[in-house]
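Report on one structure; see the data block that follows.
Residue numbers (the numbering used here): 4 to 335.
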């Protein structure tokens, strides 16, 4: 074992867009696990738009404060354990932070199986895949023949949402930034249509792509795109609110989504936010379905792997700018 623990600290909370100088690399001693804790070596760090939201303040977890190790989930290997049920060599998922080693409370860790590639534990079988599965099926409740629209459709969650909706017999429209991403959604992932929000008016393009209206909207972005979808929702439609990435980095839309609550009332819409952990009691069934779909080729896995802990800040900045296709992560 090396004698130091490389870490990335959030040294200053950003006031505008996230910048590399908001972070710095540091070294500390490898921690000793206390009673009830496990020492782990981090293998892969998950990068998510939510990382940026945590810098604003408390959400479903505590805010990330300045001059602390940047928070983030990761897949890690147990080095030593002071807690029952964990042994050296076990693989776990937990809030390890952006560092090489972490001492983590055992009760916050989830054991995960050894598999190849290990990266699937962060993508299709991790938070991304489970968020897509539960958000679409438990909140959106799509029925065969309905139209499902998903924003940030080329991202880690959206790309899986669209494919599951196709498996369930729906017409699927993705909203993404750039022609290359939109072509990829249709030609590789099997979406029926894609709207490029960077090059065409979303409302008009969406109306052409979903002429029979929208039954389920899986919202990853909020803001203007949510506003464009609301009037096109069919009566009794469902909106699964997963994230609001348009409001995380920089200034949010000045107006916000107009038509609230009027359109929600008139169209009798169900609008529900959710956190993936709400459904962990159903995790076993979700994993079985996801593994079956991947094995059969119905669900394609796209991963974007960045090498090196030192590249984590820039990798998150790039994710917020829409550089990635599928799940972005860092190999430590």
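C-beta atoms are modelled at their ideal positions from N, C-alpha and C, and glycine is treated no differently. Note that the structure is a prediction, hence the values are computed from the model and not measured.
CA nearest to the CA of residue i, picked from the options
i, options, result
"residue 62", "288, 295, 183, 276", "276"
"residue 315", "47, 296, 282", "47"
"residue 279", "70, 139, 42, 207", "139"
"residue 58", "15, 37, 38, 79", "15"
"residue 163", "150, 134, 21", "134"
"residue 259", "171, 102, 231, 93", "231"
"residue 173", "185, 207, 219", "219"
"residue 21", "305, 228, 252", "252"
"residue 30", "323, 325, 313, 324", "313"
"residue 238", "299, 149, 187", "149"
"residue 45", "323, 324, 311", "311"
"residue 187", "170, 158, 208", "158"
"residue 169", "303, 324, 319", "303"
"residue 40", "110, 250, 136", "110"
"residue 93", "101, 81, 102", "81"
Cα-Cα separation, residue i to residue j
i, j, result
"residue 210", "residue 241", "18 Å"
"residue 309", "residue 88", "32 Å"
"residue 321", "residue 327", "7 Å"
"residue 248", "residue 256", "11 Å"
"residue 141", "residue 243", "9 Å"
"residue 37", "residue 7", "18 Å"
"residue 296", "residue 60", "37 Å"
"residue 50", "residue 84", "26 Å"
"residue 272", "residue 265", "10 Å"
"residue 75", "residue 54", "7 Å"
"residue 144", "residue 34", "45 Å"
"residue 233", "residue 146", "19 Å"
"residue 123", "residue 129", "7 Å"
"residue 52", "residue 270", "30 Å"
"residue 286", "residue 120", "20 Å"
"residue 160", "residue 70", "30 Å"
"residue 334", "residue 28", "16 Å"
"residue 183", "residue 127", "22 Å"
"residue 73", "residue 319", "11 Å"
"residue 192", "residue 317", "27 Å"
"residue 132", "residue 9", "29 Å"
"residue 56", "residue 292", "30 Å"
"residue 12", "residue 212", "44 Å"
"residue 106", "residue 43", "6 Å"
"residue 228", "residue 207", "12 Å"
"residue 246", "residue 95", "25 Å"
"residue 101", "residue 78", "11 Å"
Counted within 10 angstroms of its Cβ, other Cβ atoms place residue i as buried (16 or more) or exposed
i, result
"residue 331", "buried"
"residue 190", "exposed"
"residue 99", "buried"
"residue 268", "exposed"
"residue 104", "buried"
"residue 3", "In the structure displayed, the chain extends from 4 to 335; residue 3 sits before or after that span and is not available."
"residue 215", "exposed"
"residue 305", "buried"
"residue 24", "exposed"
"residue 19", "exposed"
According to DSSP, residues forming a beta bridge with residue i
i, result
"residue 221", "153, 243"
"residue 85", "Answer is none; residue 85 lacks a bridge partner."
"residue 20", "Per DSSP, none; premise fails for residue 20."
"residue 30", "9"
"residue 178", "154, 198"
"residue 273", "241"
"residue 71", "13"
"residue 80", "44, 94"
"residue 121", "Looking at the DSSP assignment, residue 121 forms no beta bridge with any residue, so it has no partner."
"residue 306", "330"
"residue 49", "332"
Report task. Determine, using beta-carbon pairs with one atom in the region 145-163 and one in the region 222-231, whether at least three such pairs fall under 8 Å. Result -> Yes: at least three Cβ pairs fall under 8 Å.
Query raised in the report: Any contact of the region 193-202 with the region 176-184, i.e. 3+ C-beta pairs under 8 Å?
Result: Contact between the region 193-202 and the region 176-184 is present, because at least three Cβ pairs lie under 8 Å.
Query - contact_flag[the region 107-115, the region 62-75] where n(CB pairs < 8 Å) is 3 or more - result: no
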